[in-house]
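**Student:** Take this structure, written in structure tokens, and hold onto it; I'll ask about it next.
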Amino acid sequence: MSSQKPVLSLKDIQKHFGAVTAIENFSLDIHPGEIVALVGDNGAGKSTLIKIISGVYAPSSGTITIEDETVSMASAEIARSHGIEVVYQDLALADQQSVYMNMFLGREITNRFGLLDRKTMIAETQKLVDELDVRIPSPHATIRDLSGGQRQGVAIARATRWAKKVILLDEPTAALGVAETAKVEEIVESLKARNIGVLIISHSLDQVFRLADRICVLRRGQQIGIRETAKTDKNEIIGMITGLQQQDAA
Amino acid sequence: MSGPQSGAAQKPAAIRFALGLNLQQYVVYFGFLAIFLFFAITLGDNGFLSVRNLSNIVLQTAPATILAIGLVFVLTAGEIDLSFGSIVAMSALAAAVVMNEYGMTAGILAGMATGIVAGALNGAVVAFVRLPSFLVTLATMGLFAGIARSMTNLRSIPVLDLDFAGFFGSGSFLGIPSLIWWTVMAVAIGHFIYRETRFGAHVMATGDNPRAASVSGIKVARIRLYVLTLSGGLAGLAGLLYAGRLQAAKYTLGESDLMTVIAAVIVGGTLLHGGKGTIIGALIGSLMMGMLNNGLILMGLSVSDQMIVRGLIILAAVAVSLREKAR
Chain B
3 MSSQKPVLSL KDIQKHFGAV TAIENFSLDI HPGEIVALVG DNGAGKSTLI KIISGVYAPS
63 SGTITIEDET VSMASAEIAR SHGIEVVYQD LALADQQSVY MNMFLGREIT NRFGLLDRKT
123 MIAETQKLVD ELDVRIPSPH ATIRDLSGGQ RQGVAIARAT RWAKKVILLD EPTAALGVAE
183 TAKVEEIVES LKARNIGVLI ISHSLDQVFR LADRICVLRR GQQIGIRETA KTDKNEIIGM
243 ITGLQQQDAA
Chain S
18 MSGPQSGAAQ KPAAIRFALG LNLQQYVVYF GFLAIFLFFA ITLGDNGFLS VRNLSNIVLQ
78 TAPATILAIG LVFVLTAGEI DLSFGSIVAM SALAAAVVMN EYGMTAGILA GMATGIVAGA
138 LNGAVVAFVR LPSFLVTLAT MGLFAGIARS MTNLRSIPVL DLDFAGFFGS GSFLGIPSLI
198 WWTVMAVAIG HFIYRETRFG AHVMATGDNP RAASVSGIKV ARIRLYVLTL SGGLAGLAGL
258 LYAGRLQAAK YTLGESDLMT VIAAVIVGGT LLHGGKGTII GALIGSLMMG MLNNGLILMG
318 LSVSDQMIVR GLIILAAVAV SLREKAR
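These protein sequence lines are chains B and S, in that order. Be aware that the first sequence starts at 3, since it is given in the working numbering, and climbs by one per residue. Be aware that the second sequence starts at 18, since it is given in the working numbering, and climbs by one per residue.
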């Protein structure tokens with residue numbers, strides 16, 4: 003896995019809001035088929051980092067490289083066109099619309115007359131939810147009739163449909179029950195087989211240790227360190243998050 | 018024995034399912050039918066059922082139906098337009114004044130342009146100054162009404178062009194009155210755009226969850242501009258239809274349409290808070306309002322009594338359709 007080239011590479015990323023430093027010197031490689039967890043206390047800068055990668059904020063300095071190509075993520079559209087998709091904390095689904103219309107929200111498929119090609123969209127949605135084992139009644143189901151776990155499944159399926167390189171998951175199970183969390187974790191796990199790089203923010207260390215290959219710790223905008231999940235334990239990570247353990251030597 | 022038993026056990030669930038679906042979506046059709054039957058029975062002898070009267074209902078509701086189509090788009094996008102009645106008056110007057118000077122084509126262009134510009138003004142302020150459409154169009158409702166009054170110093174302007182009056186009002190084509198043509202065409206095109214195009218899908222997404230729409234790459238500000246401009250343009254068309262049918266334009270045109278059209282659209286099944294709507298439902302809602310007006314007049318109620326009864330019926334209809342949707 004680490005022999006492969008990284009699909010997304012962040013180097014020396016800094017972000018200042020006026021005099022406030024939100025991110026100082028962040029560097030991280032994400033490889034295809036790898037799940038990296040981003041952990042840290044509230045205000046550590048995790049969401050800022052996600053916004054930088056997804057094109058919502060421009061970094062003050064540093065470079066973002068996608069498969070050897072240095073890119074400028076000037077907008078969310080550019081990030082999407084580079085194959086980066088975000089699953090937001092609050093889902094970003096349109097509640098009154100069907101699953102399939104959400105799957106293609108803003109990117110609806112049209113036929114040669116420029117009209118909505120519902121048949122193709124429904125078929126593709128069905129195929130994807132089957133592959134990912136997202137259990138919804140039908141692609142026609144309205145989002146608001148679905149459970150929280152089903153909605154998150156739809157949101158991840160949508161990201162999977164469009165992400166060619168990287169999916170960013172911002173607290174994907176924060177609002178879910180135990181069984182639903184397990185289901186969503188299963189779906190996230192299955193993304194590895196698709197050779198997509200995954201960066202997941204989570205407050206649940208149990209979840210991080212279940213899912214992630216590597217764990218990256220942030221504290222007050224500083225990158226404290228990166229650990230391979232197999233070679234660390236919760237105590238070390240908690241120490242890094244809370245500051246009992248100081249930053250790795252640069 | 019087990020076969021019929023299990024069949025009988027399944028049936029109620031299936032019926033309940035079908036009824037549940039239908040009741041929610043089709044309140045307006047039941048309401049329409051109920052009001053129709055009520056008037057048919059009580060006023061059958063007073064000419065309610067005559068072809069002439071029934072076709073009159075459709076003709077009279079044509080402008081309201083056109084306005085309702087615009088409002089479905091506006092409400093679905095999560096906005097509201099309170100100014101369309103005033104735009105109707107401005108457009109009709111602009112069309113009549115220009116037509117009397119420069120002819121029919123110029124008059125039509127003037128009427129439509131007035132509507133589109135007024136709608137675009139609403140839309141630009143909502144989309145780019147980011148003020149709530151309720152307040153913006155509440156203000157422009159007064160502004161446009163004032164302009165309409167000052168345009169001709171409260172005078173009504175006759176429409177002398179008979180081609181225009183035929184095309185937009187009293188004429189017919191293939192034996193079908195032109196107002197029915199306008200209604201059918203506008204409903205068909207509106208329904209098609211609403212249901213079958215990306216624009217329609219983006220309007221729904223914008224009203225449903227603006228944040229989701231915008232992170233999905235939909236330009237929500239542009240959608241808001243477009244729907245309010247569309248509403249203004251359709252108000253311009255409604256103004257032409259009024260001017261054509263009455264062969265005159267006056268500042269009072271469209272004045273009484275605000276409540277009727279909003280009620281028609283809501284009763285028709287469009288959500289007040291956006292995300293979902295129906296053009297066909299709005300047509301039925303509009304016809305229902307027209308039938309109500311007509312029936313109450315035939316019953317011989319005084320104008321004040323008509324207003325009271327109509328208000329109560331609209332209240333009941335809106336309450337029923339909103340309760341059904343809230344579940």
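Note that beta-carbon positions come from the ideal geometry of N, C-alpha and C, so glycine has one too.
Under the three-state reduction of DSSP, which class applies to Asn-197/B: helix, strand or coil?
**Tutor:** If DSSP states are grouped into helix, strand and coil, Asn-197/B belongs with coil.
**Student:** Please compile the residues from chain B whose C-beta is within a distance smaller than 7 Å of the C-beta of Lys-293/S.
**Tutor:** Result: Gln-98.
**Student:** Do you know whose CA, among Val-91/S, Ile-83/S, Thr-82/S, Tyr-43/S, lies nearest Gly-224/S's CA?
**Tutor:** The residue with the shortest Cα to Cα distance from Gly-224/S is Val-91/S.
**Student:** Listing by chain order, which chain B residues have their CB less than 7 Å from the CB of Arg-215/S?
**Tutor:** What Arg-215/S touches in chain B: Glu-110, Thr-112, Leu-118.
**Student:** Between Tyr-102/B and chain S, is the shortest Cβ-Cβ distance under 8 Å, so that the two count as touching?
**Tutor:** For Tyr-102/B, the answer is no, since every Cβ of chain S falls outside 8 Å of its Cβ.
**Student:** Is Leu-10/B helix, strand or coil when you go by DSSP?
**Tutor:** In this structure, Leu-10/B counts as strand in the three-state DSSP scheme.
**Student:** Could you check what DSSP says for Asp-147/B in three-state terms: helix, strand or coil?
**Tutor:** It is helical.
**Student:** Please list, in chain order, the chain S residues whose beta carbon lies closer than 7 Å to that of Arg-163/B.
**Tutor:** The premise fails here: Arg-163/B is roughly 12 Å from chain S at the closest Cβ pair, so nothing lies under 7 Å.
**Student:** Looking only at its own chain, which residues have a Cβ that is under 7 Å from the Cβ of Thr-112/B, when we skip the five neighbours before and after it?
**Tutor:** For Thr-112/B, where only same-chain residues beyond five positions count, the Cβ hits under 7 Å are Leu-118, Asp-119.
**Student:** Under 9 Å, CB to CB, which of the residues in the stretch 78-94 of chain B have a partner in chain A?
**Tutor:** Here chain A cannot be found, since the structure's protein chains are B and S.
**Student:** Using a Cβ cut-off of 8 Å, which residues of the stretch 220-252 of chain S contact any Cβ in chain B, in chain order?
**Tutor:** Hits within the stretch, in order: Met-221, Ala-222, Asp-225, Asn-226, Arg-228, Ala-229, Ala-230, Val-232, Ser-233, Gly-234, Ile-235.
**Student:** Please report whether the beta-carbon of Ile-331/S lies at a distance below 8 Å from any beta-carbon of chain B.
**Tutor:** No, Ile-331/S does not count as interfacial toward chain B.
**Student:** Between the alpha carbons of Leu-178/B and Ile-301/S, how many angstroms are there, rounded?
**Tutor:** Those two C-alpha atoms are separated by around 42 Å.
**Student:** Measuring CA to CA, which of Met-221/S, Gly-256/S, Asp-322/S is closest to Leu-84/S?
**Tutor:** For the residues Met-221/S, Gly-256/S, Asp-322/S, the minimum Cα distance to Leu-84/S belongs to Gly-256/S.
**Student:** Runs of 4 residues minimum, wholly inside the stretch 232-302 of chain S: which ones carry the alpha helix (DSSP H) assignment?
**Tutor:** Qualifying alpha helix (DSSP H) stretches, in chain order: 237-263, 274-284.
**Student:** Put Asn-39/S into one of helix, strand or coil per three-state DSSP.
**Tutor:** In this prediction, Asn-39/S scores a pLDDT of 47, lower than 50, which makes its location untrustworthy; no coordinate-derived value is stated.
**Student:** In whole angstroms, what is the alpha-carbon distance linking Asn-48/S and Ala-176/B?
**Tutor:** Note that residue 48/S is Gly in the sequence shown, not Asn. So the alpha carbons of these two residues sit roughly 45 Å apart.
**Student:** Of all the CB atoms in chain S, is at least one closer than 8 Å to the CB of Leu-134/B?
**Tutor:** Cβ-Cβ to chain S under 8 Å: no for Leu-134/B.
**Student:** To the nearest angstrom, report how far apart Leu-179/S and Asn-104/B are at their CA atoms.
**Tutor:** Approximately 51 Å, taken between the alpha carbons.
**Student:** Could you check whether the Cβ of Leu-38/S sits closer than 8 Å to any Cβ belonging to chain B?
**Tutor:** In this prediction, Leu-38/S has a pLDDT of 49, which is less than 50 and means its spatial position is unreliable; nothing more can be read from the coordinates.
**Student:** Counting only the same chain and skipping the five closest in sequence on each side, list residues whose C-beta sits under 7 Å from that of Lys-194/B.
**Tutor:** Taken in chain order, the residues that qualify are Gly-35, Ile-37.
**Student:** Tell me whether Ile-174/S is buried or exposed, calling it buried when 16 or more other Cβ atoms sit within 10 Å of its Cβ.
**Tutor:** Buried.
**Student:** Are the beta-carbon atoms belonging to Ala-252/S and Ile-104/S less than 8 Å from one another?
**Tutor:** Cβ atoms of Ala-252/S and Ile-104/S: closer than 8 Å.
**Student:** Mind checking Asp-235/B: buried by the 16 CB within 10 Å criterion, or exposed?
**Tutor:** Per the 10 Å Cβ criterion, exposed.
**Student:** Please report the straight-line C-alpha distance between Leu-288/S and Val-278/S, rounded to a whole angstrom.
**Tutor:** So the alpha carbons of these two residues sit roughly 14 Å apart.
**Student:** Give me the Cα-Cα distance between Val-115/S and Tyr-259/S, rounded to the nearest whole angstrom.
**Tutor:** Approximately 16 Å between the Cα atoms of the pair.
**Student:** Output needed for Glu-238/B: all residues of its chain with C-beta closer than 6 Å, excluding positions within five of it in sequence on either side, in chain order.
**Tutor:** Here the set comprises nothing.
**Student:** Which whole-angstrom value describes the C-beta separation of Gly-116/B and Ile-235/S, a residue pair presumed to lie in contact below a C-beta threshold of 8 Å?
**Tutor:** Contact flag wrong, Cβ pair sits at about 17 Å.
**Student:** Could you check if Asn-39/S is buried or exposed, using at least 16 other CB atoms within 10 Å of its CB as the buried criterion?
**Tutor:** Confidence in Asn-39/S is poor, its pLDDT being 47 and thus under 50, which makes the residue's placement unreliable; the coordinate value appears in the next sentence. It is exposed - the Cβ of Asn-39/S has fewer than 16 other Cβ atoms within 10 Å.
**Student:** Check Leu-117/B in the structure and name its three-state DSSP category.
**Tutor:** Of the three classes helix, strand and coil, the one that applies to Leu-117/B here is coil, per DSSP.
**Student:** In whole angstroms, what is the alpha-carbon distance linking Gln-128/B and Val-142/S?
**Tutor:** Gln-128/B and Val-142/S: Cα-Cα distance of roughly 41 Å.
**Student:** For Gln-6/B, is the classification buried or exposed, using 16 other Cβ atoms within 10 angstroms of its Cβ as the cut-off for buried?
**Tutor:** So Gln-6/B counts as exposed.
**Student:** Taking Cβ positions only, does Ala-218/S come closer than 8 Å to chain B?
**Tutor:** Taking Cβ atoms only, chain B reaches closer than 8 Å to Ala-218/S, which makes this a yes.
**Student:** Could you tell me the alpha carbon to alpha carbon distance between Asp-98/S and Ser-321/S, rounded to whole angstroms?
**Tutor:** Each residue's Cα considered, the two are about 27 Å apart.
**Student:** Is the CB of Gly-107/B under 8 Å away from at least one CB in chain S?
**Tutor:** Checking the sequence, you will find Leu at residue 107/B rather than Gly. True, the Cβ-Cβ gap to chain S drops below 8 Å.
**Student:** Looking at the secondary structure, which residues open and close the alpha helix (DSSP H) in which Leu-92/S lies?
**Tutor:** Run containing Leu-92/S: 68-93, per the alpha helix (DSSP H) assignment.
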